[in-house]
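> One structure follows; several queries about it will come next.
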């Protein structure tokens, strides 16, 4: 073993048998995921994910406190016995990163797990608990920097339609008015010329 190596613990499936099932509802759901706490399985839209050992335990710890910070110390106490000699910080980081990878999440744009600097981690999506399996929750993702989109106002659409109708009608009206004005000027000129010729006769 090299001096700089960081000892880690196996996160295999057999590790789950050391932990008693949690009390409370059997199923936990968030986004497209469902956690069966009795079978200690995680599925995404019905397809089983390979979340093993401590990775699964981190997810359950976050689901126990949705929207709240789960500190790194809480995770350490939950994942490793007091007499375990490992680099806790490195192992917590590795385990949370494995969970993010399994969920398709990232640290840059977190959809599910947000890092709270110098504190811990937080599940940032709604979750629900139930004793019966159910459909996945819809996940609505709104980027932080996305511009606000106003809801469409229905009363503006008829106004737009009316304005679209009146513009060509106004143009036609102006053309007709111009033609009538031109015709009026022409007729007036002819009448004046004719009247002038008539008055010259002896």
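Numbering (this note's numbering), first residue to last: 101 to 302. Cβ coordinates follow ideal geometry from the N, Cα and C atoms, glycine included. The structure displayed is predicted, hence computed values, not measured ones.
Please list, in chain order, all residues of the same chain as residue 127 whose beta carbon is under 8 angstroms from its beta carbon, the five residues on each side excluded.
Taking the first residue of the chain shown as position 1, residue 127 is located at position 27. 134, 135, 136, 137, 229, 230, 231, 232, 233, 234, listed in sequence order.
> Determine whether the beta carbon atoms of residue 224 and residue 212 lie at a separation below 8 angstroms.
Against the chain shown, residue 224 aligns to sequence position 124. Against the chain shown, residue 212 aligns to sequence position 112. Going by C-beta atoms, residue 224 is nearer than 8 angstroms to residue 212.
> Suppose contacts are defined by Cβ-Cβ distances below 8 angstroms. Is residue 198 in contact with residue 170 by that definition?
Working through the chain shown from its first residue, we reach residue 198 at position 98. Working through the chain shown from its first residue, we reach residue 170 at position 70. Result no, Cβ atoms of residue 198 and residue 170 do not sit closer than 8 angstroms.
> What residues match up with residue 128 in a beta bridge as DSSP calls it?
Here the question's residue 128 lines up with position 28 in the chain shown. Note: residue 128 sits in a beta bridge opposite 135, 229.
> Provide the residue span of the alpha helix (DSSP H) that contains residue 154, from first to last.
Walking along the chain shown from the start, residue 154 turns up at place 54. 153 to 164 is the span of the alpha helix (DSSP H), which, as asked, contains residue 154.
> Between 270, 148, 222, which has its C-alpha nearest residue 163's C-alpha?
Here residue 163 refers to the residue found at position 63 of the chain shown. When each option's Cα is compared against that of residue 163, the closest is 222.
> Quick check on this structure: which residue in 226, 148, 194, 189 has the alpha carbon closest to the alpha carbon of residue 219?
Within the chain shown, the letter at position 119 stands for residue 219. Comparing Cα-Cα distances from residue 219 to each of 226, 148, 194, 189, the minimum goes to 189.
> Look up residue 144 in the DSSP assignment and say whether it is helix, strand or coil.
The count along the chain shown starts at 1 and reaches residue 144 at position 44. Of the three classes helix, strand and coil, the one that applies to residue 144 here is strand, per DSSP.
> For residue 125, tell me which candidate among 140, 175, 131 has the shortest Cα-Cα distance.
To locate residue 125, count along the chain shown from 1; it is residue 25. Comparing Cα positions, the closest option is 140.
> Buried or exposed: where does residue 161 fall if 16 or more other Cβ atoms within 10 Å of its Cβ makes it buried?
Indexing the chain shown from 1 puts residue 161 at position 61. With 16 or more other Cβ atoms within 10 Å, it is buried.
> Are the Cβ atoms of residue 227 and residue 130 separated by less than 8 angstroms?
As a first step, residue 227 is located in the chain shown; it is residue number 127 there, counting from the start. As a first step, residue 130 is located in the chain shown; it is residue number 30 there, counting from the start. Yes, they are a contact pair.
> At the level of alpha carbons, what is the spacing between residue 159 and residue 202?
Locating residue 159 in the chain shown gives position 59, where the first residue counts as 1. Locating residue 202 in the chain shown gives position 102, where the first residue counts as 1. When rounded, the distance between both Cα atoms is 11 angstroms.
> Going straight from the alpha carbon of residue 183 to that of residue 175, what length do you get?
As a first step, residue 183 is located in the chain shown; it is residue number 83 there, counting from the start. As a first step, residue 175 is located in the chain shown; it is residue number 75 there, counting from the start. Roughly 15 angstroms between the two C-alpha positions.
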